[in-house]
Each structure stands twice: as structure tokens, then as C-alpha cells.
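In the numbering used here, the protein residues as written are -11 to 122. For every residue, glycine included, the Cβ atom is placed at its ideal position computed from N, Cα and C. Model, not experiment: these values are computed from the prediction. All remarks here apply to the structure that follows.
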């Protein structure tokens, strides 16, 4: 099934959903000791492996972190070649002084925002979805 590319449809039907829990970004040189089922996201950089984990998992493995986030998923199946979705919602969040760390999965876009901003971010995204004209 192909993902949606129409920007108006993407924004109007994005349906942001807040996951429960606290999430953190950690870095390590080796991740084999962490079960795959416990890794939310992984990205290899020259300096090391960035992992997105539940906070309790990072604590269990004594991994350090500086940023405690909440995880929001946009429930619409967005195409990986859709143009403008990230720019529009991240711009709107920025207008409200909310930092967003965005990861595009095959089916959905995932936004990590500071834990303190989770409710504000959901409100901003829902308002954008209701008022967007394109």
C-alpha cells in the first residue's frame, strides 16, 4: 500500500498519538548487548551509534542521556517521498517554542519532543490539523 503524498490530506489526517512513557537518546559504540525488541530507533554515525530507548531501558544498561522525551506518532501512512510534511509540522511546533526530533518510518512519522512539552505539542498538532488550508 502506497503512502499518502498530498500535503493537505497529510496535515488534515495526521492524527497525532502520544505514546506513554519516557524516551531518551543515548550513544554507544556497541549495541549488541541490548535486545533488539528494546530498541525504538538506531542510527549509525561516525562518532557512535545513536539509540532511542525507553528511559528505563537506558537506566538498566547504565547508558547516559541528557534529553528526556515524549514520543508522538502521526497515524497517517505518509509516503517517504511526500514533500513538506516535516517542514509544516516542525515549523508550527517551532512557533510555539517546541523542539522536535523527527524520524520517518516506512509507515508513519514519529516526533520526539521534550517531556515538558508533550501536551502542548499534541494541542499544537491537533489545532494545525483542524485549521490547515494548504
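Item                                                                                                        : Value
Per-residue burial, residue 106 [other beta carbons within 10 Å of its own, 16 or more giving buried]       : buried
Residue 123 to residue 114 span [Cα, whole Å]                                                               : Only positions -11 to 122 of the chain appear in this structure, which leaves residue 123 out of reach.
Residue 38 beta carbon less than 8 Å from that of residue 13                                                : yes
Cα-Cα separation between residue 90 and residue 44, rounded to whole angstroms                              : 21 Å
The alpha helix (DSSP H) enclosing residue 113, as first and last residue numbers                           : 106 to 119
Supposed contact pair residue 62 and residue 97 - C-beta distance, whole angstroms, cut 8 Å                 : 5 Å
Inside the segment 8 to 61 only - beta strand (DSSP E) runs reaching at least 3 residues                    : 11 to 16, 27 to 33 and 36 to 42
Nearest neighbour of residue 7, chosen from 85, 42, 71 and 48 [CA to CA]                                    : 42
Cβ neighbours of residue 101 in the same chain (closer than 8 Å, five flanking residues each side left out) : 57, 58, 60, 81, 86, 87, 88, 89 and 109
C-beta contact flag for residue 119 and residue 70 at 8 Å                                                   : no
Buried or exposed (CB count within 10 angstroms, at least 16 for buried), residue 23                        : exposed
Three-way DSSP call (helix, strand, coil) for residue 68 in this model                                      : coil
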